[in-house]
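A.B. asks: One structure, pasted below without further comment.
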Amino acid sequence: MNSASTFKTTLHLVKRAVQVTAGVSLFKDKVGDLRWCEGGSMLPTLNVTGDLLLQIPLSSVLNYSLRGDRARTAKKTAEAEPTTSRLNLNRGDLVNFVSPSNPSVLACKRIIGLPGDQILVDDLPHHFNQITADSILHPELDYQYSHKSLLTIPQGHLWLQGDNYAVSIDSRTYGPVPIGLVSGKIVARVWPNFTWLSRPFVYK
39 MNSASTFKTT
49 LHLVKRAVQV
59 TAGVSLFKDK
69 VGDLRWCEGG
79 SMLPTLNVTG
89 DLLLQIPLSS
99 VLNYSLRGDR
109 ARTAKKTAEA
119 EPTTSRLNLN
129 RGDLVNFVSP
139 SNPSVLACKR
149 IIGLPGDQIL
159 VDDLPHHFNQ
169 ITADSILHPE
179 LDYQYSHKSL
189 LTIPQGHLWL
199 QGDNYAVSID
209 SRTYGPVPIG
219 LVSGKIVARV
229 WPNFTWLSRP
239 FVYK
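Once you know that position 111 of the sequence shown is 149 in this note's numbering, the rest is easy, because the numbers rise by one and skip nothing.
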């Protein structure tokens with residue numbers, strides 16, 4: 039094989055590699071991506087030992103909207119928000135997001151509240167599986183909210199909680215989560231045992 043032929047073969051392989059890399063990147067950005075999630079905060083929905091999950095990135099869907107009772111009444115305010123990630127999010131959806139308390143951690147929680155919703159925060163101890171939820175909160179974090187009050191979720195934020203309240207570190211700890219920290223919506227468990235992860239509840 040002469041040098042010219044070798045050069046053409048190498049150039050062809052490089053072009054193919056670039057095309058494949060670009061295709062994979064485009065698929066992840068616009069169609070879906072696989073994420074690994076482990077830990078006990080999402081029991082019984084997800085396994086402690088870990089699940090391979092299919093995530094739809096926020097940048098993949100046209101016409102971003104948040105559907106909530108009070109979000110509709112605050113339409114003008116919501117439209118002014120710089121949230122153009124173009125994905126429908128609803129109460130009950132599972133999402134991946136960067137943890138506000140530890141930016142090196144990508145967490146998976148469920149949407150409980152949307153912008154404009156009110157969350158009741160009271161000073162009575164909440165018991166989940168015979169464990170006091172107050173004992174797992176971290177008051178040293180920057181986010182503070184008053185007890186025994188209604189907290190209105192700000193525009194551009196979500197209230198996220200784990201299904202296993204007793205061990206989950208979530209919005210009860212660090213408050214409403216900026217939508218900008220959300221990387222995508224979890225729609226299915228790929229492994230083990232492929233399962234579509236539908237919402238367990240829907241509030242209109």
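Positions of the beta carbon are idealized from the N, C-alpha and C atoms, including for glycine.
Can you tell me whether Ser142 is helix, strand or coil according to DSSP?
C.D. replies: strand
A.B. asks: May I ask which residues mark the beginning and end of the beta strand (DSSP E) holding Arg210?
C.D. replies: It is not in any beta strand (DSSP E) - Arg210 instead sits in the alpha helix (DSSP H) that spans 209-212.
A.B. asks: Sorted by chain position, which residues of the same chain lie with C-beta nearer than 8 Å to Leu72's C-beta, five sequence neighbours on each side aside?
C.D. replies: Cβ within range, chain order: Leu90, Leu91, Leu92, Gln93, Val228.
A.B. asks: My understanding is that Ile149 touches Asn128, with C-beta atoms under 8 Å, so please give their C-beta distance in whole angstroms.
C.D. replies: 7 Å
A.B. asks: With distances taken Cα to Cα, identify the nearest neighbour of Ile217 among Ser236, Val225, Leu196.
C.D. replies: Leu196
A.B. asks: Do Leu158 and Leu188 have their CB atoms nearer than 8 Å?
C.D. replies: yes
A.B. asks: Going along the chain, which residues of its own chain have a beta-carbon closer than 6 Å to the beta-carbon of Gly200, five neighbours each way excluded?
C.D. replies: Ser79, Met80, Lys147, Ser206, Asp208
A.B. asks: Between Cys75 and Pro95, what straight-line distance do the alpha-carbon atoms span, to the nearest angstrom?
C.D. replies: 16 Å
A.B. asks: Identify the residues that DSSP records as bridge partners of Ser137: which are they?
C.D. replies: Asn140
A.B. asks: On a Cα-Cα basis, can you pick out the residue from Thr44, Ala226, Thr83, Ile191 that is closest to Tyr212?
C.D. replies: Ile191
A.B. asks: Scan the segment 187-231 and note each continuous beta strand (DSSP E) run of 3 residues or more that stays entirely inside, going in chain order.
C.D. replies: 187-190, 195-199, 220-229
A.B. asks: Between the beta-carbon of Val225 and the beta-carbon of Trp234, is there less than 8 Å?
C.D. replies: Yes, these two residues count as a Cβ contact at 8 Å.
A.B. asks: Where does Leu72 fall in DSSP's three states?
C.D. replies: strand
A.B. asks: What whole-angstrom Cβ distance do Val86 and Pro138 have, given they're in contact under 8 Å?
C.D. replies: The Cβ separation is near 23 Å, so there is no contact.
A.B. asks: Going by C-alpha distance, which of Asp131, Gly194, Gly77 is nearest Val143?
C.D. replies: Gly77
A.B. asks: For a quick check, are the C-beta atoms of Lys153 and Gly194 less than 8 Å apart?
C.D. replies: Before going further, note that residue 153 is Pro rather than Lys in the sequence given. A contact, by the Cβ cut-off of 8 Å.
A.B. asks: When DSSP labels each residue in this structure, what does Leu96 get in the three-state scheme?
C.D. replies: Taken through DSSP and simplified to helix, strand or coil, Leu96 comes out as helix.
A.B. asks: Return yes when at least one heavy atom of the ligand SAH lies under 7 Å from the C-beta of Leu158, else no.
C.D. replies: No copy of the ligand SAH occurs in the structure displayed, which carries no ligand at all.
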